[in-house]
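Going by numbering that gives the first Met the number 0, the first residue of the first sequence is number 0, and it counts up by one from there.
Every residue, glycine too, gets a C-beta built ideally from N, C-alpha and C.
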Amino acid sequence: MDNSEIAQVFEELAILSEMKGDVVFKVRAYQRAARTIEQLSLSLEKAVSDEVDLKTIPGVGSAISSKIKELVTTGKMETYEKLASELPPGVLTLMNVPGIGPKTAMLVATELGASTVEEMESAILAGRLSALPRMGEKTAENILRHIRSLRSKDGRTPIGQALPIAESIIASLREACPDVREMEYAGSLRRWQETIGDIDIMGTAHDAQPIIDALASLPSVQQVLVKGPKKTSVVVHPGIQVDLRIVDDDSYGALIQYFTGSQQHNVRLREYAVQRGLSLNEYGITVLETGTLEKFADETSFYGRLDLPLIPPEVREGMWELDIASRGDMPYLLELSDIRGDLHVHSNWSDGRDSIEDMVGTLAAKGYQYMALTDHSAGLGVANGLSIERLRQQRTVLDTVQQGCPMKLFHGSEVDIRADGSLDYPDDMLAELDVVIASVHSGLGQSSEKMTARIINAMHNPHVTAIGHPTGRLLGTRDAVEADMEALLQAAADTGTAMEVNASPWRLDLKDTHITRARELGVPLIINTDSHATEEPEAMRFGVAIARRGWCEPHHVLNTMPLERFQAFLSTPKPQRLRVFAGLG
DNA sequence: GCCGTTTTCGGCCCGACTGTTTTCAGTCG
C-alpha cells in the first residue's frame, strides 16, 4: 500500500467522520494527515517496517500513527470500516460532484435512497431533491449542472498545457490594457504542481474594468461565469476555468500570497501569525490588539512582517517549510540559471524532428557549457534506433560539429533496458560513449518485482550514467510502471548511478516526492529535457521547478557542475564518482 | 485528533459566495 492510497483512506475517513457528526477538529486532523501523507517523500510502508516514529510527521499523533500502522500491516482500518458500514452506501461517490459536501451527500443518500450519481440525477429530475429541507430549485439546478460538467471533462489539466494558456492570457491582457502594472498567475500553477485545477491570474491597475472586459472578450473564452467588480471568472478553450482579480498596488502582496496557497500552507501561516497577535487575510495583516490593517505591495514585505524570509512558492505545501523558514534555515533553491548543460537530447538520426546542427545551435544559444546527444538505441525500432554502425558514424559527425562550437558535445545514447534487464548495446560499445542514459520503453506491464530488478540490473552496468524517465509515466495518459522506488533509489546510491528528472512537462519524472527522497539518499540527479525538437529545450524550466518542489539546491544536481568537474565525474568509475559529486573528489 | 517560548487542557485560519432563509448552513479555496 503506497502513500497516496493511505492518504486516500484518511481523506475518506475525514468525510465519513464529518457525516457521522464528529467534531470538526477531528475531521480536520484526518484531512491534514491525509494531505501531509500525500506529500511525504518516505514510503510509510517502509517507515513502519523500519519502526520509524510516525509521530515526527506533522499532524500525526498517537491515534493516527497507530491507524497508519494498522492499515499498512493489515490492509484495513477498523475505524474506517466501522464508519463506512454505519453510513448509507454510496455517500462517498456522491461527494465527487462539486457542490455536494458531506451534509448534502448524507441527505441525498438517506432521504432519497440514492447511492450513485445516476440515481441522484434521476431523483433531482423527478423533483424529489427540491422538496427536501434547505434545498430548492436553484440548488437542484446547480447540482445537475455540476454532474454534467463532471462528465464532459476529466479533472485536472497537466501543467504543460495550463502554463502556456496562462502566459498567453497575461500577454493578451497586458497588450490590451497598458494600464496593467503587476500581473502574474497564482495558485497551483505558481507552485508548479504537476496538474492544475484552474488558472488564477492576479494583477494591479488603476482601473480594473477595462481588464475585466478584455478578459471576457478574448477569442478563446467559451463562457463567462462571473463578471463582478472584484472577481471575474471565465472558461477558456479547452474547458479550463480562469479567475481574474485586480486590486490596488498596495494590496498586491497579500493578494498574491493568499491566492498562491497552498491552502494548507496558508492555514499553517495563519496559525503562526495568530500566535504573534496578527491575523492574515487577502487584504493584508491585521494587528489583533489595535485592529489596524497593514497593507503590503509585495510578498517579500508580507512575509517579512511575520519575520520570515520569502518562502518560494514551490515549497508552500504546508509541510515543514514554515519551521525551516522561521529557524532561518531556508536554503537557496536551484534556479534555471544554475543549469550548465542538457544531457538527454535527440536528433533526426532517431525519432527527433531536427538535425544535430540545429539542436546543438539551440542549446549553445542558451549559454550551456555542455550537452549530450543521446539518440535511441537499435532495439527501439519504432524510434528509428541507431545500429552500432550508425552510432559510430554519428560520432564522427558530432566531432565535426564540435569544431568551432563553444559548447562541449558529449556523445551518448538513450539505451533501451530490455525486458530481461540487459542493455541494448554490448559493453564495449557503451564504453565508447561519454554519457549513457538507460531507459525502459517496453514491457511496461511487468510486475513490481520484475521491473525493480530490471532497472537495478541496468544500474549495475559500469557504463550507465543515469536512468532516464525512471517511472515512465505520461501525465494524464499513462500510469507509472510498478516498481519499488525506495529500492531503486537505494540501488542508485549504492552503484553511483544518477537518476534523471525528465523535464518534459508531460513526464516530470522523477516527480517531486521522489526527488526529495533521492536527495535524502545522496543520489545524483540530472535534469534533462529529452528534447526531440528545437523548441523543447525550453522545458528545462519545468524540470527546475519540479526539482525546487523537491527542495533541490544546485549541489544536488549534476548538470549544475562546471564542465571540468562534470568531466571529472564522468571519468571517475562508479561508484567512486559519488565522491566527485559530493565535492570530495 | 493534534499540539505547546500562553497551555498536558483548551484551544484549534479566514473569508466569499450561494441559496435558503429572516439569521445562517453548506461548500469552496
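Could I get the ranges of all uninterrupted alpha helix (DSSP H) runs contained in the segment 172-215, with 4 residues as the minimum, in chain order? 186-189, 208-215
On the CB-based measure, 16 or more other CB atoms within 10 Å of its CB, does residue 581 come out buried or exposed? exposed
Residue 74 versus 44, 83, 541, residue with shortest Cα-Cα distance: 44
Are the CB atoms of residue 523 and residue 484 nearer to each other than 9 Å? no
Kindly indicate which three-state DSSP category residue 293 falls into: helix, strand or coil? strand
Shorter than 8 Å, the distance from the beta carbon of residue 426 to the closest heavy atom of the ligand NAP, or not? The ligand content of the structure shown is nil, which means the ligand NAP is not present either.
Please go through the same chain and pick out, in chain order, the residues whose beta-carbon is closer than 6 Å to the beta-carbon of residue 176, but skip the five residues on each side of it. 209, 210, 213
Ordered along the chain, which non-local residues of its own chain (more than five positions away) have a Cβ less than 7 Å from that of residue 472? 478, 479, 506, 508
Spatial distance of residue 215 from residue 95 (CA atoms): 29 Å
Which residue wins for smallest C-alpha separation from residue 59, given the options 72, 77, 37? 37
Which residues share a DSSP beta bridge with residue 412? 374, 435
Three or more C-beta pairs closer than 8 Å, one from the segment 558-575 and one from the segment 381-400: is that the case here? no
C-beta contact flag for residue 41 and residue 519 at 9 Å: yes
Do the CB positions of residue 351 and residue 65 come within less than 9 Å of each other? no
Taking C-alpha atoms, which residue in 414, 501, 182 lies nearest to residue 252? 182
For residue 439, tell me which candidate among 254, 218, 536, 465 has the shortest Cα-Cα distance. 465
With DSSP run on the structure shown, which of helix, strand or coil describes residue 463? coil
So, at 8 Å on beta carbons, what are the nonlocal neighbours of residue 325 in its own chain, with the 5 sequence-adjacent residues on each side left out? 271, 306, 307
Taking just the CA atoms, how far does residue 345 sit from residue 281? 46 Å
Can you list, in chain order, the residues of its chain with a C-beta nearer than 6 Å to that of residue 599? Leave out the 5 residues immediately preceding and following it. Here the chain has residues from 0 to 584 only, and residue 599 is not among them.
How many angstroms separate the CA atom of residue 112 from the CA atom of residue 84? 16 Å
Should the segment 445-460 be regarded as contacting the segment 413-431, the criterion being three or more beta carbon pairs within less than 8 Å? yes
Assigned exposure category for residue 232 - 16 Cβ within 10 Å defines buried: buried
What does a CB cutoff of less than 8 Å around residue 258 pick up in its chain, not counting 5 residues either side in sequence? 185, 186, 199, 201, 244, 281
Just reading off the beta strand (DSSP E) that residue 343 is part of, what are its end residues? 340-344
Would you mind sorting residue 512 into buried or exposed? The rule is 16 or more other CB atoms within 10 Å of its CB. buried
Classify residue 429 as helix, strand or coil using the three-state DSSP reduction. helix
Exposed or buried, which one is residue 236 when buried takes at least 16 other CB atoms within 10 Å? exposed
With a CB to CB cut of under 8 Å and the five nearest residues on each side skipped, what residues in its chain are close to residue 561? 339, 368
Are residue 25 and residue 82 close, meaning C-beta to C-beta below 9 Å? no
Strand pairing of residue 586, partner residues [DSSP]: Given that the chain is displayed from residue 0 to residue 584, the structure contains no residue 586 and the question cannot be resolved.
Quick check on this structure: which residue in 2, 173, 160 has the alpha carbon closest to the alpha carbon of residue 475? 160
Span separating the alpha-carbon of residue 218 from that of residue 240: 15 Å
Grouping DSSP H, G and I as helix and E and B as strand, with all else coil, what is residue 367? coil
Across which residues does DSSP place residue 245 in a beta bridge pair? 202
What three-state label does DSSP hand residue 130 in the structure shown? coil
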